[in-house]
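So the protein lines, in turn, are chains A and B. So for the first sequence, my numbering puts the first residue at 3; every next one is plus one. So for the second sequence, my numbering puts the first residue at 14; every next one is plus one. Backbone N, C-alpha and C define an ideal beta-carbon position, used for all residues, glycine too. In what follows, a single structure is set out as structure tokens and then discussed.
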Amino acid sequence: MMDLQDQIKKSLAGDLESFNQIILSFQSLVYNQAYRIIGEPDAAADATQEAFISAYKKLHTYRGGSFKSWLLRIVSNACYDEFRRRKRKPVVPLYPEGDDGDEMDSASWLEDPSEKPEDTLLRRELSEAIQYCLDRLEYEFRTIVVLVDIQGLDYASAAEITDRPLGTVKSRLARARNNLKDCLQGFKELLPHGFRHVGEV
Amino acid sequence: MKISNRDWVQLSSYLDGEMNPREIKKIEDRLTKEPVLQLALEELHRTKLTLQQTPKLIVPHNFILTPEMVGLKTRPRPVRRYRIASALMTFMLIGVLVLDFGRAFVSGSMVPAAPKEVMLEAISDSATDALEEPALMEAEGVIESDRAVAETEAGAPLEEESPAPQVADEAVEKGEALGAAQEAESKSTEEETIDADVTTNQAEEWQEDEDAEELAVPSQTVAPEIPGTPVPQPSPSVYFPDDEIHRIEKIPSIDPFRTLEIIFGLGAISFGIAAWVIKRRKS
């Protein structure tokens with residue numbers, strides 16, 4: 003199997019098939035990033051597709067280093083464009099709304115056929131709870147916490163992707179975590195056991 | 014005790030290992046002394062663990078790109094190209110055929126250009142006819158008038174029992190030449206083609222050359238006739254040397270319309286077959 007650098011070289015030479023191989027390797031990462039930032043499946047899919055198109059066209063700007071970081075930066079920009087577009091032209095949600103008027107995600111695409119129904123339900127509810135709390139963060143806070151805590155990047159990479167100073171990333175991440183901690187208190191029963199018995203700070 | 018924003022930032026950085034050794038030592042000293050700070054660190058740690066356990070979503074579909082998405086021009090499929098080429102060739106063939114028939118209709122003649130072999134055969138026939146002509150002319154009395162002409166040129170009357178048979182033979186030779194020329198001229202008039210005209214003119218030229226040779230060396234051309242001996246018939250090559258025949262071969266005899274018809278016809282068939290073969294292989 004070709005390694006990533008060979009695929010990039012071939013893609014730069016105009017081989018679309020090689021770039022499609024890269025897409026298949028990274029599409030899960032990109033889509034999850036987009037979904038956690040935007041919070042809507044369709045918008046996330048649109049942003050993901052736009053990000054890959056943009057990545058193919060801007061591939062010549064990749065100067066080595068972490069391809070994952072380079073790609074996530076493009077995704078973050080695509081998500082921001084999609085976020086602004088949806089803010090200007092709000093779409094009617096296709097999913098049922100909760101009691102508080104918030105849209106409830108239809109997470110049928112989260113289901114794993116090999117998983118027990120109760121586990122699937124728990125996983126789905128946890129995903130919805132986290133997304134619910136993420137959606138309450140400001141856009142830039144959300145982006146940083148997704149990059150660091152969900153995608154597992156370090157501060158320097160997050161700073162490069164968001165084009166923000168390292169100190170800004172540190173402070174926004176701390177505030178985002180603090181807000182998420184408070185929000186997730188409302189979903190104690192959904193959280194992992196280690197997270198349930200939390201004392202008041 | 015309330016935890017400041019600065020403390021939250023330091024705890025978060027400490028959690029992620031994003032502090033320098035001096036900062037680490039400082040925050041660890043505080044953590045041992047301040048249980049509230051210790052509890053806050055645990056809260057952040059659990060939040061981080063929860064976020065790390067966020068379920069991975071399954072992509073709704075593959076996001077692979079097509080050439081249209083990235084603005085790449087797709088090449089037309091070979092089958093389609095071959096089909097178009099075949100159709101174009103067919104149209105061109107039809108056009109040339111229409112022009113060809115139109116030209117024939119306007120000229121009022123559908124006579125095709127004579128092939129090279131037929132033309133050479135015609136030349137050979139005319140030469141043979143020229144050789145046989147004196148006998149016919151003699152039978153018809155034409156030779157008599159020729160003899161009179163010969164008499165006039167020689168300056169002496171010719172008797173039937175003339176002792177100068179050479180002069181008579183010379184006149185016969187001239188008569189033969191004239192007959193050949195007349196025959197060639199009549200053939201050219203009948204055929205009314207440029208090629209035949211060329212052939213006739215060629216025959217006339219050769220005859221003139223032959224006459225000149227005869228006048229220059231009369232002793233070679235005048236040979237006494239031995240009764241009962243068949244007169245040897247000169248072969249056409251005597252009248253049409255190799256270099257002359259080659260000159261005739263250079264005359265363009267293939268109609269350009271025929272050439273175009275052949276090219277377009279073969280092209281239409283070839284491209285059609287190629288398209289069919291490629292389509293069959295793909296299927």
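Looking only at its own chain, which residues have a Cβ that is under 6 Å from the Cβ of ARG2 (chain A), when we skip the five neighbours before and after it? In the structure displayed, chain A extends from 3 to 203; residue 2 (chain A) sits before or after that span and is not available.
Could you say which of A:THR145, A:ALA176, A:ARG179 lies nearest to ILE163 (chain A) if we only look at CA atoms? On the first sequence, residue 163 (chain A) is found 161 positions in, with the first residue counted as 1. Put simply, of A:THR145, A:ALA176, A:ARG179 the residue whose alpha carbon is nearest the alpha carbon of ILE163 (chain A) is A:THR145.
Rounded straight-line distance, which links the Cα of ALA176 (chain A) to that of SER17 (chain B): The residue you call residue 17 (chain B) lines up with position 4 of the second sequence. The residue you call residue 176 (chain A) lines up with position 174 of the first sequence. Whole-angstrom Cα-Cα distance: 11 Å.
Could you tell me which chain A residues have their CB closer than 9 Å to the CB of LEU85 (chain B), listed as they occur along the chain? On the second sequence, residue 85 (chain B) is found 72 positions in, with the first residue counted as 1. Result: GLY16, LEU18.
Contact with chain B by GLU105 (chain A), beta-carbon distance below 8 Å: Taking the first residue of the first sequence as position 1, residue 105 (chain A) is located at position 103. With a pLDDT of 47 at GLU105 (chain A), under the threshold of 50, the modelled position of this residue cannot be trusted; read the value that follows with caution. It does not: the Cβ of GLU105 (chain A) has no partner Cβ on chain B nearer than 8 Å.
C-beta atoms of VAL109 (chain B) and LEU273 (chain B) nearer than 8 Å: One-based indexing of the second sequence puts residue 109 (chain B) at position 96. One-based indexing of the second sequence puts residue 273 (chain B) at position 260. Yes.
Which word fits GLN65 (chain B), buried or exposed, when buried means at least 16 other C-beta atoms lie within 10 angstroms of its C-beta? Within the second sequence, the letter at position 52 stands for residue 65 (chain B). With fewer than 16 Cβ atoms within 10 Å of its Cβ, GLN65 (chain B) is classed as exposed.
Could you tell me whether the segment 34-52 of chain A touches the segment 70-78 of chain B, using the rule of 3 or more Cβ pairs below 8 Å? yes
Quick check: is the beta carbon of ASP137 (chain A) nearer than 8 Å to any beta carbon in chain B? Taking the first residue of the first sequence as 1, we reach residue 137 (chain A) at position 135. So, not an interface residue.
Is TRP21 (chain B) close to chain A, meaning its C-beta is less than 8 Å from at least one C-beta of that chain? Looking up residue 21 (chain B) in the second sequence gives position 8. Cβ-Cβ to chain A under 8 Å: yes for TRP21 (chain B).
Evaluate LYS89 (chain A) with the Cβ neighbour count: other Cβ atoms within 10 Å of its Cβ, from every protein chain shown; 16 or more gives buried, anything less gives exposed. The residue given as residue 89 (chain A) occupies position 87 in the first sequence. So LYS89 (chain A) counts as exposed.
Using a Cβ cut-off of 8 Å, which residues of the segment 171-195 of chain A contact any Cβ in chain B, in chain order? LYS172, SER173, LEU175, ALA176, ARG177, ARG179, ASN180, LEU182, LYS183, LEU186, LEU193, PRO194
Against chain B: residues of the segment 58-82 of chain A by CB proximity under 8 Å: TYR58, LYS59
Among the candidates A:GLN29, A:TRP72, A:GLN187, whose CA atom is the shortest distance from the CA of ALA161 (chain A)? For the purposes of this step, residue 161 (chain A) is taken as the residue at position 159 of the first sequence. Residue A:TRP72 is the option with its Cα nearest to ALA161 (chain A).
Short of 8 Å in beta carbon distance, which residues of its chain neighbour CYS185 (chain A), apart from the five on each side in sequence? Order them along the chain. Here residue 185 (chain A) refers to the residue found at position 183 of the first sequence. Leaving aside the five residues that flank CYS185 (chain A) on each side, the residues in its chain whose CB is nearer than 8 Å to its CB run, in chain order, TYR134, CYS135, ARG138.
Threshold first: 4 residues or longer. Then list the alpha helix (DSSP H) segments lying entirely within the segment 157-192 of chain A, N to C. 157-164, 168-186
Extent of the continuous alpha helix (DSSP H) to which LEU136 (chain A) belongs: If you number the first sequence from 1, residue 136 (chain A) lands on position 134. From DSSP, the alpha helix (DSSP H) with LEU136 (chain A) extends over 119-137.
How would you label ASN33 (chain B), buried or exposed, when you count the other beta carbons within 10 angstroms and need 16 or more for buried? Mapped onto the second sequence, residue 33 (chain B) falls at position 20. By the 10 Å Cβ count, ASN33 (chain B) comes out exposed.
With a cut-off of 8 Å, does the C-beta of ARG125 (chain A) fall near any C-beta of chain B? Here residue 125 (chain A) refers to the residue found at position 123 of the first sequence. Yes, contact with chain B.
Counting only Cβ pairs nearer than 8 Å, list the residues of chain B close to GLN29 (chain A). As a working note, residue 29 (chain A) is residue 27 in the first sequence. In chain order: VAL72, ASN75, PHE76.
Here's the rule I'm using: 16 or more other beta-carbon atoms within 10 Å means buried, otherwise exposed. How should ALA288 (chain B) be labelled? Translated into positions along the second sequence, residue 288 (chain B) becomes position 275. Flag for ALA288 (chain B) reads buried.
Hey, out of B:PRO80, B:ALA117, B:ARG96, whose CA is closest to ILE282 (chain B)'s CA? Numbered from 1 along the second sequence, position 269 holds the residue referred to as residue 282 (chain B). Nearest neighbour of ILE282 (chain B) by Cα position, chosen from B:PRO80, B:ALA117, B:ARG96, turns out to be B:ARG96.
Grab me the residues of LYS12 (chain A)'s own chain with a C-beta within less than 7 Å of its C-beta, minus the 5 sequence neighbours each way, in chain order. For the purposes of this step, residue 12 (chain A) is identified with residue 10 of the first sequence, where counting begins at 1. The residues are SER20.
Using a Cβ-Cβ cutoff of less than 8 Å, which residues in the same chain neighbour ALA158 (chain A) once the five nearest sequence positions on both sides are dropped? Numbered from its first residue, the first sequence carries residue 158 (chain A) at position 156. Same-chain partners within the cutoff: LEU168.
Indicate whether ILE132 (chain A) and THR67 (chain B) have their beta-carbon atoms separated by less than 8 Å. What you label residue 132 (chain A) is simply residue 130 of the first sequence in a count that begins at 1. What you label residue 67 (chain B) is simply residue 54 of the second sequence in a count that begins at 1. Cβ distance < 8 Å, so ILE132 (chain A) and THR67 (chain B) count as in contact.
Bounding residues of the alpha helix (DSSP H) (the contiguous stretch that carries GLY41 (chain A)): One-based indexing of the first sequence puts residue 41 (chain A) at position 39. For GLY41 (chain A), no alpha helix (DSSP H) encloses it, and the DSSP letter there is neither H nor E.
Own chain residues within Cβ distance below 8 Å of ILE37 (chain B), not counting five before or after: As a working note, residue 37 (chain B) is residue 24 in the second sequence. Result list for ILE37 (chain B): TYR27, in chain order.
Give every residue of the same chain whose Cβ lies closer than 6 Å to the Cβ of ILE24 (chain A), excluding the five residues on either side of it in the sequence, and list them in chain order. Position 22 of the first sequence holds residue 24 (chain A). The residues are GLN9.
Inspect the beta-carbon positions of ASN38 (chain A) and VAL148 (chain A) and report whether they are closer than 8 Å. If you number the first sequence from 1, residue 38 (chain A) lands on position 36. If you number the first sequence from 1, residue 148 (chain A) lands on position 146. The sequence shown places Arg at residue 38 (chain A), rather than the Asn named in the question. Yes, the pair counts as a contact, with Cβ atoms nearer than the cut-off.
On the three-state DSSP scale, how would you describe PRO48 (chain B)? To locate residue 48 (chain B), count along the second sequence from 1; it is residue 35. Looking at PRO48 (chain B) - three-state DSSP - the assignment turns out to be helix.
DSSP state of GLY84 (chain B), grouped into three classes? Here residue 84 (chain B) is taken as the residue at index 71 of the second sequence, counted from 1. If DSSP states are grouped into helix, strand and coil, GLY84 (chain B) belongs with coil.
Name the residue from B:ILE276, B:LEU85, B:TRP21, B:MET105 whose alpha carbon lies nearest to the alpha carbon of LEU54 (chain B). Here residue 54 (chain B) corresponds to residue number 41 of the second sequence, with the count starting at 1. Comparing Cα-Cα distances from LEU54 (chain B) to each of B:ILE276, B:LEU85, B:TRP21, B:MET105, the minimum goes to B:TRP21.
DSSP three-state assignment for THR145 (chain A), whether helix, strand or coil: Your numbering for residue 145 (chain A) matches position 143 in the first sequence. Looking at THR145 (chain A) - three-state DSSP - the assignment turns out to be helix.
So the candidates are B:ILE71, B:PRO269, B:PHE114, B:ARG94; which of them puts its Cα closest to the Cα of LYS292 (chain B)? Position 279 of the second sequence, counted from the first residue, corresponds to residue 292 (chain B). For LYS292 (chain B), the nearest C-alpha among the options comes from B:ARG94.
Around the Cβ of VAL150 (chain A), are there at least 16 other Cβ atoms within 10 angstroms (buried) or fewer (exposed)? Numbered from its first residue, the first sequence carries residue 150 (chain A) at position 148. Classification for VAL150 (chain A): buried.
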